[in-house]
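Worksheet for the structure shown next.
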Amino acid sequence: MINCALGMSKPFDIELERLTDPAAYSEGRSTATGQRGTFFLETFGCQMNDHDSEKVAGLLLSRGYQQVETPEAASMILYNTCSIREKAAQKVFSRLGEFREKQSEGKVIGVLGCVAQQEGEDIFKRAPWVSLVCGSASYSKLPEMLAQLEAGNSRVTGLDTDTDDTFETPVTRRDNPWRAYLTIIEGCDKACSYCVVPFTRGPERSRASDSILKEVRQLAELGYSEVQLLGQTVNSYADPTSRRMRFSELLLAVAEVEGIRRVRFTTSHPSEFTPDIVEAIEREPKVCDHVHLPVQSGSSRVLRAMQRTYSREEYLEKIAMIRGAKRPIGITTDIIVGFPGETEAEFEETLSLLDEVQYDSMFSFKYSPRPNTPSLSMSDSISEEEKGRRLAALQDKQREIQALKHARMVGERFEVLVSGKSRRENQWTGYTTSHRMINFTSQERELLGTYVQVKVTGATPNGSVGEHVE
Ligand code: SAM
Ligand code: SF4
């Protein structure tokens, strides 16, 4: 999707030009600009899904397909899905229902991602108008699968998870003109008892450090200044090459690439969050001072039942280590309320953890039973109403914490990467290195993609406001 409203910077235009120029990238295949060669790709889910979609789009563009902005204009509709919670998976099927009539217009409908992996061929039963089902571990086989469809096969699947492959493409079509996402580790070897990811994304596979660094250099040349390294447990990174680079060494090596000004990473697992990562942040200002460290619960008993591999006390030791860094590091988290058997007292422990840690921000969820997961056999004893009450109480507490944090920022100066322009005149949005969003005023005509100093002048319930200063 080309987002003209953002006023794309030059580097992004250059890349899109390259990507949409089939002559530059098509691999011997005829450039299909006719009915069959257009695709509409819709994404639902997390950053990893967004980035997978960028790679899928890059792969298809490199094969001569063209991306279009609406399902109506496409000969192929691809839906990259999320199944992390039941509601998400239900949403996928209702959206697929909306695509039903498109098949009778001769369009190919494909389901990608976690729901594809989880439901497999059952998707053909629930949505017979679908003809392609491909899980995230099989994306590299997409061109073959599309060729099978073109050859007349009416249904094709790619559902292997026992792969050593990481999904690398010669080109990735990126939606954000300043921040590039890079998956450095695919899949997950943890076994959190509530989570479908190990089933939908397969076992952990780390990408070779030289390949990561090569891509970062290319990105820098294209004008990207911020990269975000992605993985379900990004800090479990295990370099498969003989260099055996540690995750913290990789962070520093990425930061060294000329043109890169910010290096982010997400999501970190507390068990593998080691002191050398904090040392890398301390040593290299380009490594952003933000750690997303999901805790899931403040109760050690619940954490055990979740198979999270750390206790409340061990988690708090990690927090103390991060808080002890020479420069302040923002900490954010994920929390699940209403896990099977979570008592009121255990939920209170989660509330008290919020008081203790003082997170900068939080994603919070009601527990949702998922297929194949160990917690499915535990009685989901807490009513939806009670889960809702706990979620609201948790969010109220976090709102209070954030309001105080925002108030404390007033008067401080921050460097922000400007990533949005409001329709209101002279209003801009930027992110600090610790990923705090600041809406600010500036008389400048063009700031998108640049780094500027902003002084915080006020706090709103949701964030900070400020003004551009020299
Ligand atoms: N790998 C990351 C980690 O371990 O923190 C998280 C990946 S998951 C895509 C994002 C978040 O979804 C999790 O941190 C968890 O809070 C939430 N989540 C996962 N499974 C869930 C479930 N069955 N019910 C509710 N929330 C869930
Ligand atoms: Fe799921 Fe746990 Fe793996 Fe995160 S670490 S993806 S929550 S199994």
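In this note's numbering, the protein residues as written are -13 to 456. Virtual Cβ for every residue (Gly too), placed ideally from N, Cα, C.
- In this structure, DSSP gives CYS100 a helical state, which the three-state scheme calls helix.
- Inter-residue distance for CYS120 and ASP196 is about 28 Å (C-alpha atoms, whole angstroms).
- Inter-segment contact for the region 170 to 187 and the region 212 to 230 is present: three or more beta-carbon pairs are separated by less than 8 Å.
- Counting the other Cβ atoms within 10 Å of the Cβ of LYS200 gives fewer than 16, which makes it exposed.
- Using a cutoff of 7 Å, the CB of LYS352 does not count as near the ligand SF4, since none of the ligand's heavy atoms is closer than that.
- Taking one beta carbon from each stretch, the region 353 to 361 and the region 408 to 420 have fewer than 3 pairs nearer than 8 Å; the two do not touch.
- Under DSSP, SER347 forms a beta bridge with THR318.
- Rounded to the nearest whole angstrom, the C-alpha separation of LEU118 and LYS407 is 38 Å.
- Scanning the region 139 to 208 for uninterrupted alpha helix (DSSP H) segments of 4 residues or longer gives 183 to 186, 195 to 208, listed from N- to C-terminal end.
- The beta carbon of PRO357 sits no closer than 7 Å to any heavy atom of the ligand SAM.
- Apart from sequence neighbours up to five positions away, the residues of its chain that approach MET62 with a beta-carbon distance below 6 Å are PHE25, VAL94, ordered along the chain.
- Between SER179 and ALA291, the CB-CB gap stays under 8 Å.
- Between the C-alpha atoms of ARG160 and ASP36 there is a straight-line separation of about 10 Å.
- The residues GLU332, GLU335, in chain order, have a CB closer than 6 Å to that of SER285 in the same chain once the five nearest residues on each side in sequence are set aside.
- Per DSSP, LEU362 is not a residue of any alpha helix (DSSP H), being assigned neither H nor E.
- In the DSSP assignment, ASN66 is bridged to THR29, LEU98.
- VAL440 has its Cβ no nearer than 7 Å to any heavy atom of the ligand SF4.
- Take TYR125, set aside five residues on each side of it, and the residues of its chain with a beta-carbon closer than 8 Å to its own are ASP38, LYS41, VAL42, LEU45, LEU98, GLY144, PHE153, in chain order.
- A direct Cα-Cα distance of roughly 11 Å separates LEU132 from ARG49.
- For the pair of segments examined, the region 302 to 311 was found not to touch the region 350 to 357: the number of CB pairs separated by less than 8 Å stays below three.
- For GLU242, there is no enclosing beta strand (DSSP E); the residue is part of the alpha helix (DSSP H) that begins and ends at 233 to 242.
- GLN52 is bridged by DSSP to THR24.
- Closest in C-alpha terms to GLY106, from the list ASP382, THR253, ASP146, comes ASP146.
- For ARG247, the closest alpha carbon among the candidates THR56, THR227, GLY435 is that of GLY435.
- For VAL101, the distance from the CB to the nearest heavy atom of the ligand SF4 is not below 7 Å.
- Boundaries for GLU456: no alpha helix (DSSP H) harbours it, and the DSSP string shows neither H nor E there.
- According to DSSP, GLU411 shares a beta bridge with no other residue.
- Annotated three-state conformation of SER61 is coil, per DSSP.
- Within the chosen limit of 7 Å, the ligand SF4 does not reach the beta carbon of PRO261 with any heavy atom.
- In this structure, DSSP gives THR336 a helical state, which the three-state scheme calls helix.
- Per DSSP, the beta bridge partners of GLY416 are VAL404, ILE424.
- Within the same chain, ASN221, TYR223 come within 6 Å of PHE233 by CB-CB distance, once the 5 residues on both sides are set aside.
- If you draw a 10 Å sphere on the C-beta of LYS111, you find fewer than 16 other C-beta atoms in it, and that means exposed.
- In the structure shown, the three-state DSSP call for GLN429 is coil.
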